[in-house]
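Residue numbers (numbering that gives the first Met the number 0): 0 to 776.
Each residue gets a CB set at the ideal place from its N, CA and C atoms; glycine is no exception.
Small disclaimer: the values here were computed from a predicted structure and weren't measured.
First the structure, in the form of structure tokens, and then the observations on it.
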Amino acid sequence: MKKIYLIHHSHTDIGYTDLQEKIIYNHINYIYKAMDLILAGYENDTEMKHFKWNCESYFAVERFLDDATEAQRVQFFDLVKKGNIGLSATYLNFTDLVDKYILDSKTKQMVQICKNYDTSIKVAMNADINGIPLGALDVFLENGIEFLFTNVHCHHGMYPLYKNQVPYYWERNGKKLLVWSGEHYHLSNSFGLVPTKPESADLVQVEKAYAAIMKYIAQCDANGYKYDFIPLSISGVFSDNAPPNAIIMEMINAFNSYTNEIQLEMLTIEELYSKIADKLIDVPTYSGDLTDWWSHGVGSTPYAVKHAKEAVRIHRICQALDASREVLTDQRLQNVENNLLLFAEHTWGHSSTISNPYDTMVQNLDIRNISYASKAHESASENLVRILHKKGDILQYYGRSGKVKAINPSNEEVTQVVSFYIEVWGFGDINVVCNGVKMVTQIGAHPRGIEIKFVDTFAAHEEKIYTYQEIEKAEHAVNSGIAHIGSERIQDIVNEYDPIICTLPYQLENEWFKISYESGLGVTSFYNKVENCEMLVDGAKFFEPIYEVSATNTNAYEERRLLGRNIRGLHAKKYHGRLENIQLLAHGKVYTEIELTYKLEGTKFSSIIIRFYHQIPKIDFKYKVAKTLVLDPESLYLPLALNIPAKKAYVDKADATFRPGVEQIPGTCMEYYLIDNGIIYQNQHSSIYINTLDAPLIYMGQLKSHPITLCNNEETNNDRPIYSWIMNNLWETNFKINLSGITEYCYSLGLVLDRDISKTHEAMKDNAMGITTFIIE
């Protein structure tokens, strides 16, 4: 061992230690401070001219460049080119909630700004987080990033490959990213390389640091470490969002004068890459998802996450409808994207969120974090309103007759449900016509009047105009000559006149599926008529909500700390919803809709609404829940497991599909996944997708406490039951404790008569975007 390379940085944790805007301002100030230290070193010819400061996230650089004068920007990039300031292509340390296309757009802006100042960027680092979505790897590779320095935090997580301080290539579509999987980003601070008392590098401090470092080197040797260098991160103080600290330079010089056995050197990330790249040519190559252990934090703010996911969908629709940018300006796009990126940042809340949930700062940070989702949704919705107005939307929906324009935002041909509403009451029936063809329609309730639905086929980006007209509602004839209905108007007799209505309290059936249910037993069958198989999984019944709680035996913080990487305590109790009521909500030519109401612990109200379509192989379902306040560690699930012969399960994350438990980097998390559009089950002759529109977190495996197995890429890992993990409050520091509230979580299941995963993935994304409709003159 010859060298320890120190990467001096500040871990960017937006909201963990203070108000988000205070932290952002601090990071801007840190860059000014680092520049002052370095420039003073050059001016006075001191050791500080060798000081290095690494901007862990480009976000801090972006905000600095907005704040700085042009002279300061030129000075900043001059220090980058001299090797005093290191850049990182990591915009922020994200959860897997980050949108690939927004991240790619921001990364391209970063690359271009650097080019404008004759600077290239080909390295990145992250700290704290212990996963990166597969789609984010695409962003790195597509924008010329060659090296990633990771600093995983094992608090309820774990580094990949079963040990750290290892290099590997991360491969995707024939391209590779060199990764150094490093230590915790505060390890150097724990060695005493940043003295606090006294605030100078005296002999006692140096001797303590020497002893700690030599012990660490011995440990690395014992673990088979084979290189003559070790890269480590270091912070100005032992805290997140720490400032640059000149005393580190003083400590390095004192340490190097104390011993010749090992030398310390401060580097930028790019210098680290250039020094070690030639020594890493024989490292192994892996492919697959680097799954994040911390993504389950989204379950602590399920209402805001639902809001943010809809904002993403609206944003994607806007970009598809206004590809020529007649309405969408750079500023309008940035208003959406900047807020979505901040909401996807990994911090989530203040460090005392669980230990002191009543604290004003905790409340402020929670509201501020939610505001990012809200501001993104507001901006995306405003953009959509403007785009539709430009395309002819009259903005008034009161007419009992008129014209509706429907646009397919997809690049593919689709057969989709078309839906629009009219703000009227006392409406009769409706006649909808397109190009002389009368559509098969159904009228349903809408909070502001009525909603009209029908099914149609669209070419890629096709626009269609429909005329609609209220017509007199046909009188329902009571055919007294056929035994099908009693005088109390209950249709419960098997007959040929209306053979369906009497079966609906017990089953739903169309050309592709049949679902049976029974009060007290719940859903008893989910039959796939295309593949001729029963899809219901014992113990994980589709549509049956499940509640889990670990009663607190100690304090809230300690109980959650003891969970480790498990998400439930040894004494956790599990409750399955009990079906208590079945209600027919609608039955028409387009769809039939029922509501299954369950009694479930932890909730005031819990029901599943199933909408069965008659013309297309699609089922929409939503979970309506009134969640009560519980301070113990708790979780709410909805089973999405399907029993399908020859099944292979895929998920999509940041628009990249992979098989969970199989197509992952070894040693990563396979307990749960934060996905993008949903789940795909590949069958023998067809595929089924499930859009998880509002609740992107899924759990895989048995719902019980168990030893944690890291991903070993075995095929059996892919055949575990899948659950929509709707909400949880499991983290003992910064994830929200209060899950109470009232809302609905929407899902959509579709069958594709093709086994091709890429086609099914496109169909799943198209279904999530739907058909855009609006009323025109």
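Can you tell me whether Arg610 is helix, strand or coil according to DSSP? Sequence index remark: in the sequence shown, residue 610 carries index 611 (1-based). Three-state DSSP puts Arg610 in a strand.
Just tell me which of Asn554, Leu738, His613 and Ala694 has its CA closest to the CA of Thr627. Within the sequence shown, numbered from 1, the residue matching residue 627 stands at position 628. Ranking Asn554, Leu738, His613 and Ala694 by Cα distance to Thr627 puts Leu738 first.
Anticipated Cβ contact below 8 Å, Thr55 with His10, distance rounded: In the sequence shown, the residue the question calls residue 55 occupies position 56. In the sequence shown, the residue the question calls residue 10 occupies position 11. The sequence shown places Glu at residue 55, rather than the Thr named in the question. About 6 Å separates the two Cβ atoms, so the contact holds.
What residue from Gly448, Ala405 and Trp511 has the CA that sits closest to Cys433's CA? Residue numbering aside, residue 433 sits at position 434 when the sequence shown is read from its first letter. Residue Ala405 holds the alpha-carbon nearest to the alpha-carbon of Cys433 among Gly448, Ala405 and Trp511.
Per-residue burial, Asn382 [other beta carbons within 10 Å of its own, 16 or more giving buried]: Locating residue 382 in the sequence shown gives position 383, where the first residue counts as 1. Classification of Asn382: buried, given that the 10 Å Cβ count is 16 or more.
With distance defined between alpha-carbon atoms, name the residue in Phe512, Pro230, Gln582 and Ala88 nearest to Lys2. Taking the first residue of the sequence shown as 1, we reach residue 2 at position 3. Out of Phe512, Pro230, Gln582 and Ala88, Pro230 has the C-alpha closest to the C-alpha of Lys2.
Helix, strand or coil: which one does DSSP assign to Val122? Along the sequence shown, read from residue 1 onward, the residue named residue 122 stands at position 123. DSSP places Val122 in strand when its eight states are reduced to three.
Measuring CB atoms only, is the stretch 541-557 touching the stretch 656-669, in the sense that at least three cross pairs come out at less than 8 Å? Result no; under three Cβ-Cβ pairs closer than 8 Å.
Please state the DSSP three-state secondary structure of Phe237. The residue given as residue 237 occupies position 238 in the sequence shown. Phe237 falls in the coil class under three-state DSSP.
Reference Asp651; option with closest CA among Ala319, Val236, Gln582 and Asp95: What you label residue 651 is simply residue 652 of the sequence shown in a count that begins at 1. Comparing Cα-Cα distances from Asp651 to each of Ala319, Val236, Gln582 and Asp95, the minimum goes to Asp95.
With Met250 as the anchor, note down where its alpha helix (DSSP H) starts and where it stops. Stepping through the sequence shown from its first residue, residue 250 is reached at position 251. Annotation for Met250: the continuous alpha helix (DSSP H) segment containing it runs Ile246 to Tyr257.
Can you give the Cα-Cα distance for Leu578 and Leu535, rounded to whole angstroms? Looking up residue 578 in the sequence shown gives position 579. Looking up residue 535 in the sequence shown gives position 536. Separation of Leu578 and Leu535 (C-alpha to C-alpha, rounded to the nearest whole angstrom) is 16 Å.
Integer-rounded CB distance, given that Gly85 should sit under 8 Å from Asn814: Absent from the structure is residue 814, since the part of the chain shown begins at 0 and ends at 776.
Return the CA-CA distance between Ser486 and Pro632, expressed in angstroms with no decimal places. For the purposes of this step, residue 486 is taken as the residue at position 487 of the sequence shown. For the purposes of this step, residue 632 is taken as the residue at position 633 of the sequence shown. Ser486 and Pro632: Cα-Cα distance of roughly 53 Å.
Option in His185, Glu141, Gly173 and Phe734 with minimal Cα separation from Thr149: Along the sequence shown, read from residue 1 onward, the residue named residue 149 stands at position 150. Nearest C-alpha to Thr149: His185.
His812 vs Tyr671 beta-carbon contact at 8 Å: This structure cannot settle anything about residue 812, because the visible part of the chain is limited to 0 through 776.
Under three-state DSSP, which class holds Tyr116? In the sequence shown, residue 116 corresponds to position 117, counting from 1. Coil.
So Gly156 and Ile775 are in contact, right, with Cβ under 8 Å, and what is the actual spacing, rounded? To locate residue 156, count along the sequence shown from 1; it is residue 157. To locate residue 775, count along the sequence shown from 1; it is residue 776. About 52 Å separates the two Cβ atoms, so there is no contact after all.
Look up Pro230 in the DSSP assignment and give the residues it is bridged to. Position 231 of the sequence shown, counted from the first residue, corresponds to residue 230. For Pro230, the pairing in a beta bridge is given by DSSP as Tyr4.
For the alpha helix (DSSP H) holding Glu377, just list the boundary residues, first then last. Taking the sequence shown and counting its residues from 1, the one referred to as residue 377 is at position 378. Its alpha helix (DSSP H) spans residues Thr359 to Lys389.
Considering just the uninterrupted stretch of the beta strand (DSSP E) at Gly521, what are its terminal residues? To locate residue 521, count along the sequence shown from 1; it is residue 522. In this chain, the beta strand (DSSP E) harbouring Gly521 covers Gly521 to Asn527.
Residue from Ile451, Val436 and Gly435 whose Cα sits closest to the Cα of Ile442: Your numbering for residue 442 matches position 443 in the sequence shown. In terms of CA proximity to Ile442, Ile451 leads the group Ile451, Val436 and Gly435.
On the criterion of 16 or more Cβ atoms from any shown chain inside 10 Å, does Trp724 qualify as buried, or is it exposed? Walking along the sequence shown from the start, residue 724 turns up at place 725. Buried, since its Cβ has 16 or more Cβ neighbours within 10 Å.
With a threshold of 16 other CB atoms inside 10 Å of the CB of Trp424, please say whether the residue is buried or exposed. Looking up residue 424 in the sequence shown gives position 425. Exposed, since its Cβ has fewer than 16 Cβ neighbours within 10 Å.
Does Gln701 pass the burial test, meaning 16 or more other C-beta atoms within 10 Å, or should it be called exposed? Along the sequence shown, read from residue 1 onward, the residue named residue 701 stands at position 702. Result: exposed.
Residues near Lys621 by beta carbon distance below 6 Å, same chain, minus five either side: As a first step, residue 621 must be located in the sequence shown, where it is residue number 622. Excluding residues within five positions, the ones whose Cβ falls inside 6 Å are Ile608, Glu743 and Cys745.
Quick one: measure Cβ to Cβ for Leu569 and Met265, integer angstroms, because I've assumed they're closer than 8 Å. Counting from one through the sequence shown, the residue named residue 569 turns up at place 570. Counting from one through the sequence shown, the residue named residue 265 turns up at place 266. Between Met265 and Leu569 the Cβ distance is about 46 Å, and since that is not below 8 Å, they are no contact.
What are the start and end residues of the alpha helix (DSSP H) that includes Met763? Residue numbering aside, residue 763 sits at position 764 when the sequence shown is read from its first letter. Note, Met763: alpha helix (DSSP H), Ile756 to Met768.
Assigned exposure category for Asp375 - 16 Cβ within 10 Å defines buried: Walking along the sequence shown from the start, residue 375 turns up at place 376. Reading off the sequence shown, one finds Ala at residue 375, where the question assumed Asp. Its Cβ being crowded by 16 or more others within 10 Å, Ala375 is buried.
Neighbour-count burial assignment, Ile366, 16 or more Cβ in a 10 Å radius: Against the sequence shown, residue 366 aligns to sequence position 367. Per the 10 Å Cβ criterion, exposed.
Need the endpoints of the beta strand (DSSP E) that Phe190 sits in, please. On the sequence shown, residue 190 is found 191 positions in, with the first residue counted as 1. Phe190 -> no beta strand (DSSP E), and no H or E assigned at all.
Given this structure, state the Cα-to-Cα distance separating Ile514 from Gln490, to the nearest angstrom. Working through the sequence shown from its first residue, we reach residue 514 at position 515. Working through the sequence shown from its first residue, we reach residue 490 at position 491. Whole-angstrom Cα-Cα distance: 20 Å.
With DSSP as the reference, label Phe75 as helix, strand or coil. For the purposes of this step, residue 75 is identified with residue 76 of the sequence shown, where counting begins at 1. When secondary structure is reduced to three states using DSSP, Phe75 falls in the helix class.
Would you report the Cα separation of Asn728 and Glu260, rounded to the nearest angstrom? What you label residue 728 is simply residue 729 of the sequence shown in a count that begins at 1. What you label residue 260 is simply residue 261 of the sequence shown in a count that begins at 1. The straight-line gap separating the alpha-carbon atoms of Asn728 and Glu260 is approximately 48 Å.
Contacts around Phe342, its chain only, beta-carbon distance under 8 Å, and the 5 residues preceding and following it disregarded: On the sequence shown, position 343 is the one that residue 342 refers to. Here the set comprises Leu96, Ala303, Ala307, Asn368, Tyr371, Ala372 and Ala375.
Going by Cα to Cα distance, which pick from Cys219, Tyr226, Asn115 and Glu517 is closest to Lys278? Here residue 278 is taken as the residue at index 279 of the sequence shown, counted from 1. Closest option to Lys278, Cα to Cα, is Tyr226.
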